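Chemist: Can you read through this structure? Questions will come right after.
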Amino acid sequence: MTFDAFGLRVASLETLGLLGLVVGYALAARRSFGAVFPQRVHRVELLIEEGDQRRTLRLVLPITLGRSDDAQVRLNDLHASRLHALIDVEEGTAFVEDLGSRNGTRVNARLISGRTTLAAGDDIRVGRARIVFSGEVPWT
């Protein structure tokens, strides 16, 4: 006798029970199964002003800011550290975090320590660069 479960043909009740157990565990431990159950991808827009140059970028979080070629947003500013700051999201809330830079990171003119929550329109200063966080944007 065979049973149809989850689009699969199963040969016994024991196999069906085992399949139910595995699926139940996977759903309960969803964070452990990132490849099977991918987390939502967050894409944000940043307006970056460096001197008289302006550019707008739409990037997927997490985003590193700094002078290094390894940074997703490369800044041409000697006052910025190689990897200066990180913008990411946790539990649906965007934040910026200083990565131990020499000159610090400011949000809305306040020097931050640790993670600082971001809202659309927040002004982030990394070295002399001004980065306006526009928030999450739709995929187009």
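In the numbering used here, the protein residues as written are 962 to 1101.
Positions of the beta carbon are idealized from the N, C-alpha and C atoms, including for glycine.
Bear in mind the structure is a predicted one, so any value in this text is a computation, not a measurement.
What does the alpha-carbon distance come out to for the pair S1074 and A1046?
Modeler: As a working mapping, residue 1074 is identified with position 113 in the sequence shown. As a working mapping, residue 1046 is identified with position 85 in the sequence shown. For S1074 and A1046, the distance between alpha carbons rounds to 11 Å.
Chemist: Sorted by chain position, which residues of the same chain lie with C-beta nearer than 6 Å to H1040's C-beta, five sequence neighbours on each side aside?
Modeler: Working through the sequence shown from its first residue, we reach residue 1040 at position 79. Around H1040: N1064, G1088 and R1089.
Chemist: If you draw a straight line from the C-alpha of R1067 to the C-alpha of G1053, how long is it?
Modeler: Numbered from 1 along the sequence shown, position 106 holds the residue referred to as residue 1067. Numbered from 1 along the sequence shown, position 92 holds the residue referred to as residue 1053. Distance between the alpha carbons of R1067 and G1053: 22 Å.
Chemist: If I'm right that Q1029 touches L1044 with Cβ under 8 Å, what's the distance once you round it to whole angstroms?
Modeler: Residue 1029 sits at position 68 when you count from the first residue of the sequence shown. Residue 1044 sits at position 83 when you count from the first residue of the sequence shown. Residue identity differs from the one stated: residue 1029 is Ser in this sequence, not Gln. That pair is a contact at about 6 Å.
Chemist: Suppose you measure from the CA of H1003 to the CA of L1060; what does that come to, to the nearest Å?
Modeler: Walking along the sequence shown from the start, residue 1003 turns up at place 42. Walking along the sequence shown from the start, residue 1060 turns up at place 99. Roughly 21 Å separates the two Cα atoms.
Chemist: Enumerate in chain order the residues of its own chain whose CB-to-CB distance from R1086 is below 6 Å, with the five nearest sequence positions on each side excluded.
Modeler: On the sequence shown, position 125 is the one that residue 1086 refers to. Closer than 6 Å at the Cβ level, and outside the excluded window around R1086, lie R1067.
Chemist: Cβ atoms of I1048 and I1024: under 8 Å apart, would you say?
Modeler: For the purposes of this step, residue 1024 is taken as residue 63 along the sequence shown, with counting starting at 1. For the purposes of this step, residue 1048 is taken as residue 87 along the sequence shown, with counting starting at 1. In this structure, I1048 lies closer than 8 Å to I1024 by Cβ.
Chemist: From which residue to which residue does the beta strand (DSSP E) around I1092 run?
Modeler: Here residue 1092 refers to the residue found at position 131 of the sequence shown. First-last of the beta strand (DSSP E) with I1092: A1090 to E1097.
Chemist: Using the rule of at least 16 other Cβ atoms within 10 Å of the residue's Cβ for burial, across every protein chain shown, is G1012 buried or exposed?
Modeler: To locate residue 1012, count along the sequence shown from 1; it is residue 51. Exposed, because fewer than 16 other Cβ atoms sit within 10 Å of the Cβ of G1012.
Chemist: Since F1110 and R1076 should fall inside the 8 Å C-beta cutoff, what is the C-beta to C-beta distance between them, to a whole number of angstroms?
Modeler: Any property of residue 1110 remains undetermined from this structure, which presents the chain solely from 962 to 1101.
Chemist: Within a Cβ cutoff of 8 Å, which residues of the same chain sit near V1098, ignoring the five residues on either side of it in sequence?
Modeler: In the sequence shown, residue 1098 corresponds to position 137, counting from 1. R1004, V1005, E1006 and R1019.
Chemist: Please classify L1079 as buried or exposed, where buried requires at least 16 other C-beta atoms within 10 Å of its C-beta.
Modeler: Against the sequence shown, residue 1079 aligns to sequence position 118. Burial call: buried.
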